[in-house]
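Step one of this worksheet: look at the structure below.
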Amino acid sequence: MRTANLDNRLVLVLVHDDGAVDVEKASSGLFSADPQAVFDRWQEFTAWAQSPAALRADRVLVDESLLGPPAPRPRQVFAIGLNYAAHAAESGADKPAYPPVFTKFPTSLTGPCDTATLPSAVVDWEVELVAVIGTRAQGVREEDAWRHVAGLTVGQDLSERLVQLAPPSPQFSLGKSFPGFGPTGPVLVTPDEFDDPDDLAIGCAVSDETMQESRTSGMIFSIPRLISWISAICPILPGDILFTGTPSGIGGARNPRRFLAPTEELHSWVEGIGSLRNPLVAGPTYPDGLVPVPGSPRG
Ligand code: ZN
-15 MRTANLDNRL VLVLVHDDGA VDVEKASSGL FSADPQAVFD RWQEFTAWAQ SPAALRADRV
45 LVDESLLGPP APRPRQVFAI GLNYAAHAAE SGADKPAYPP VFTKFPTSLT GPCDTATLPS
105 AVVDWEVELV AVIGTRAQGV REEDAWRHVA GLTVGQDLSE RLVQLAPPSP QFSLGKSFPG
165 FGPTGPVLVT PDEFDDPDDL AIGCAVSDET MQESRTSGMI FSIPRLISWI SAICPILPGD
225 ILFTGTPSGI GGARNPRRFL APTEELHSWV EGIGSLRNPL VAGPTYPDGL VPVPGSPRG
C-alpha cells in the first residue's frame, strides 16, 4: 500500500491507476484528512484501505507539486550518523559500535518538490531511507521491529557543516534543521510492498551529477536494529520518523570539497519508493548572533 500527503490531505495512491483516493471522503469521515493523524490508527487504516469502499472510491489526480511530507508533524524525529562503513571512513570516523543518534527538529520537514534555502556555502547532501513508525515501539526486539514500521519513504538530511561541526560541542541537530533541510516523500510505501525492505538501491544527484549510489543493505545498523536500540531507551511513537543514515559520497568528503549552490536541484531516490526533486535557492545567511567558527567542515 502507498499513501501520500496531497495538499495536506491523506490519500491512498493506487499504483495501477493514475489516481489517488481521498481518504476522508472515501471513508465518509471515518478517517481524518490529516496525514499525521492516521498513524495513531494505522492497523485499522490498513484494513480499511483494502475494503471495497476504498478501492471503488472516486479518484483524484496527483499533482506532484502539491505533495507534502508523508508524516508532516512527527512528535519525534530520530536520525542516525555514520551508518554506512564507507561513509564513516570518508568522515574520518571509526565504524561505530552503537548507533550515533541525533534529531532533526520537525520544522525542517518539507515535501518532495519543495525548495530548500541555503544559509551558507557549506550545505551538504545526505540521501537517506526514512522509516515512519505505525505502532508504538518500546523495548522492541529486533525480530519484531518491522511490525512497528508503517512504511518507508525517501529523505534528505541536508546538513550545514559549519553549524553542525563547529567546536567545542558539535551541533548535529541544529546544523541539520534549517527550514527545508528535511524533505521527505513522495509517498509512503508499506514494508510488504518490497521483495526485501532491507536491501534497496539508494542515491542522489546534484543537477544531474550522481553523487551517492549505494544499497540500504550496506547499513551498519539495520532498521530493526535501530528500532530495537532506540526503543530500549525511549518509546518511539506512531507517526515518528527515523532517518537511517547516509551512504558515502557527501560533498564535504570530496576532494576538492563540493557543496550545494543556489539554482542547483537536488534529486534523491530510493528503489521502489520514488524520488525527491528539491530546487535550491540562496537564502538569508546565518541568523543574527550566530557566528560560525571557521574550520574544516566535513561530514
Ligand atoms: Zn544523515
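Counting from -15, one number per residue, gives the positions in the sequence shown under the numbering used here. Ideal placement from N, C-alpha and C gives every residue a C-beta, glycine not left out.
Do you know offhand how far residue i's Cα is from residue j's?
i: residue 71; j: residue 39; result: 43 Å
i: residue 257; j: residue -4; result: 14 Å
i: residue 224; j: residue 116; result: 6 Å
i: residue -9; j: residue 139; result: 19 Å
i: residue 280; j: residue 51; result: Because the pLDDT of residue 280 is 48, which lies under 50, any placement of that residue in the model is unreliable, and the number read from its coordinates should be weighed accordingly. When rounded, the distance between both Cα atoms is 37 Å.
i: residue 109; j: residue 119; result: 30 Å
i: residue 233; j: residue 146; result: 18 Å
i: residue 180; j: residue 8; result: 31 Å
i: residue 18; j: residue 203; result: 32 Å
i: residue 103; j: residue 32; result: 44 Å
i: residue 106; j: residue 123; result: 38 Å
i: residue 151; j: residue 76; result: 16 Å
i: residue 13; j: residue 43; result: 17 Å
i: residue -14; j: residue 199; result: 21 Å
i: residue 24; j: residue 69; result: 35 Å
i: residue 26; j: residue 78; result: 38 Å
i: residue 1; j: residue 37; result: 16 Å
i: residue 3; j: residue 149; result: 44 Å
i: residue 242; j: residue 154; result: 21 Å
Using only CA atoms, which one of the options lies nearest to residue i?
i: residue 236; options: 168, 74, 180; result: 74
i: residue 231; options: 152, 261, 7, 186; result: 186
i: residue 65; options: 46, 112, 89, 27; result: 112
i: residue 20; options: 80, 221, 266, 244; result: 221
i: residue 53; options: 177, 135, 106, 238; result: 135
i: residue 11; options: 267, 35, 137, 23; result: 35
i: residue 201; options: 218, 183, 150; result: 183
i: residue 137; options: 244, 227, 25, 13; result: 227
i: residue 197; options: 254, -12, 15, 269; result: 254
i: residue 58; options: 43, 46, 22; result: 22
i: residue 205; options: 46, 85, 43; result: 85
i: residue 56; options: 144, 31, 172, -14; result: 172
i: residue 207; options: 104, 121, 29, -1; result: 121
i: residue 98; options: 142, 49, 82, 238; result: 49
i: residue 269; options: 144, 77, 242, 26; result: 144
i: residue 141; options: 24, 163, 127; result: 163
i: residue 176; options: 30, 244, 199, 246; result: 30
i: residue 194; options: 114, 240, 251, 69; result: 251
i: residue 67; options: 148, 26, 114, 125; result: 114
i: residue 125; options: 219, 242, 3, 27; result: 219
i: residue 189; options: 37, 244, 148, 199; result: 244
i: residue -11; options: 153, -1, 47, 156; result: 47
i: residue 60; options: 2, 157, 174; result: 157
i: residue -1; options: 154, 149, 174; result: 174
Throw me the rounded Cβ distance for the residue i and residue j pair, which I believe falls under 8 Å.
i: residue 41; j: residue 5; result: 5 Å
i: residue 101; j: residue 267; result: 3 Å
i: residue 15; j: residue -6; result: 7 Å
i: residue 191; j: residue 248; result: 5 Å
i: residue 83; j: residue 210; result: 6 Å
i: residue 246; j: residue 264; result: 6 Å
Can you name the residues that DSSP bridges to residue i?
i: residue 259; result: 253
i: residue 140; result: 111
i: residue 167; result: 94
i: residue 64; result: 85
i: residue 121; result: 220
i: residue 203; result: 68
i: residue 194; result: 189
i: residue 225; result: 61, 116
i: residue 265; result: 101
i: residue 210; result: Residue 210 pairs with nothing; no bridge assigned.
i: residue 76; result: Residue 76 is not bridged to any residue.
i: residue 7; result: According to DSSP, residue 7 bridges with nothing at all.
i: residue -13; result: -4, 172
i: residue 52; result: -11
i: residue 135; result: 116
i: residue 106; result: Per DSSP, none; premise fails for residue 106.
- Evaluate contact between the stretch 94 to 101 and the stretch 212 to 220, counting only Cβ atoms and requiring at least three cross-stretch pairs below 8 Å. Here the stretch 94 to 101 makes no contact with the stretch 212 to 220; the two share fewer than three CB pairs at distances below 8 Å.
- Message: Tell me whether the stretch 167 to 179 and the stretch 257 to 267 touch, counting them as touching only if at least three CB pairs, one residue from each stretch, are closer than 8 Å.
- Response: Output reads yes: the stretch 257 to 267 touches the stretch 167 to 179.
- Message: So, does the stretch 123 to 133 touch the stretch 79 to 92, judging by three or more C-beta pairs under 8 Å?
- Response: Contact check between the stretch 123 to 133 and the stretch 79 to 92: fewer than three CB pairs, one atom from each, fall below 8 Å, which does not count as touching.
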